[in-house]
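Trainee: Position 132 of the sequence shown, counted from 1, bears residue number 132 in the working numbering, the numbering being contiguous throughout.
All C-beta atoms, glycine included, are put in the ideal place defined by N, C-alpha and C.
What you are looking at is a predicted structure, and each value in this text was computed from that prediction instead of being measured.
This is the structure I want to talk about, given as structure tokens.
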Amino acid sequence: MLSRKISRLTDHLHQLLQQLSADDLAGEVEARWRLVEEAWANNLSRQLMLVEYEEHDQQLIGIHSQRRISLTSARPALNGYPKGRCFYGYREISILYGSDTPADIDHLFPHKLKRCDDGKPIDGVANLVLACTDCNRGAQVKFDQISALPLLERLHTRNEYLIRSHHPLQTGASREKRQNYLQDAYNCATVFTGSWQKWQPRAEGVAVF
């Protein structure tokens, strides 16, 4: 008997419209849909596909049974939670090409920490955020500094949102394991870098998350 995959439209659509500009929304919806379609094509529950980020082309890559599949552009896929704001300082940002306030993709735990523990998915979705250029490469630039603990807590809240909202970018098996992963990575990063002073940007907008 053939199984039928049915998409249902719900009242959540008007919530998205309130949170995003129309142009940003179109890109995000397309990115989410591609993630779901790829999971269907591989007969996977969405949370069983490992999704990693490839920096050279800024794409999210699905990894399953040793196969790597280009899924979608990372910016639109990550744009739902921050509501068009920088993850760090809440400044307004846009995922549109040529925007005056472009959204950069940043690793909250810096890329060099792959040397700290190969088991930590530094390029995984759970470690990727959208940031303004000021925080990522401008006056308040983070570089390889370790973020302050409140930003780690904010990242955990974001990741829980991805899980509980049934967003295609789901990560981790349980709330406890996801929280432990972040705390372990934070402790490892602090010891590895030898830096007990943490990076915290100034707020540039209203705290919307």
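In the DSSP assignment, the beta strand (DSSP E) including L78 goes from what residue to what residue?
Mentor: Careful: L78 lies outside any beta strand (DSSP E), inside the alpha helix (DSSP H) at 74-78.
Trainee: If we ignore side chains and look at the alpha-carbon of each, how far apart do A185 and V208 end up?
Mentor: Rounded to whole angstroms, A185 to V208 spans 26 Å at the Cα level.
Trainee: Alpha carbon to alpha carbon, how far is R178 from L130?
Mentor: Each residue's alpha carbon lies about 20 Å from the other.
Trainee: Only counting runs of 4 or more residues, tell me where the alpha helix (DSSP H) segments fall wholly within the stretch 79-144, in order along the chain.
Mentor: Qualifying alpha helix (DSSP H) stretches, in chain order: 133-137.
Trainee: Does DSSP put Q59 in a helix, in a strand, or in coil?
Mentor: Q59 falls in the strand class under three-state DSSP.
Trainee: When you compare only the Cα positions, how much space is there between Q200 and G89?
Mentor: So the alpha carbons of these two residues sit roughly 9 Å apart.
Trainee: For E92 and G205, I'd like the C-alpha separation in whole angstroms.
Mentor: If you take the alpha carbons of E92 and G205, they lie about 7 Å apart.
Trainee: Buried or exposed: which applies to H107, given that a residue is buried once 16 or more other Cβ atoms fall within 10 Å of its Cβ?
Mentor: Burial call: buried.
Trainee: Comparing alpha-carbon positions, which option in A189, H56, Y81, E55 lies nearest I146?
Mentor: Nearest option by C-alpha distance: A189.
Trainee: Between which two residues does the alpha helix (DSSP H) harbouring V206 extend?
Mentor: Taken as a continuous stretch (DSSP letters only), V206 belongs to no alpha helix (DSSP H), as it is neither H nor E.
Trainee: On the criterion of 16 or more Cβ atoms from any shown chain inside 10 Å, does Y81 qualify as buried, or is it exposed?
Mentor: Buried, because 16 or more other Cβ atoms sit within 10 Å of the Cβ of Y81.
Trainee: Determine the DSSP secondary structure at W199, reduced to helix, strand or coil.
Mentor: If DSSP states are grouped into helix, strand and coil, W199 belongs with the strands.
Trainee: In terms of alpha-carbon separation, which member of I105, F192, F109, E55 lies closest to H156?
Mentor: Ranking the options by Cα distance to H156, first place goes to F109.
Trainee: What residues in its chain sit with their C-beta under 8 Å from that of R202, if we drop five residues either side in the sequence?
Mentor: Hits under 8 Å: G89, Q140.
Trainee: Between R137 and A103, how many whole angstroms is the CB-CB distance? I'm expecting something under 8 Å.
Mentor: Contact doesn't hold; Cβ gap of about 12 Å is too wide.
Trainee: DSSP beta-bridge partners for E54?
Mentor: Paired residues: Q59.
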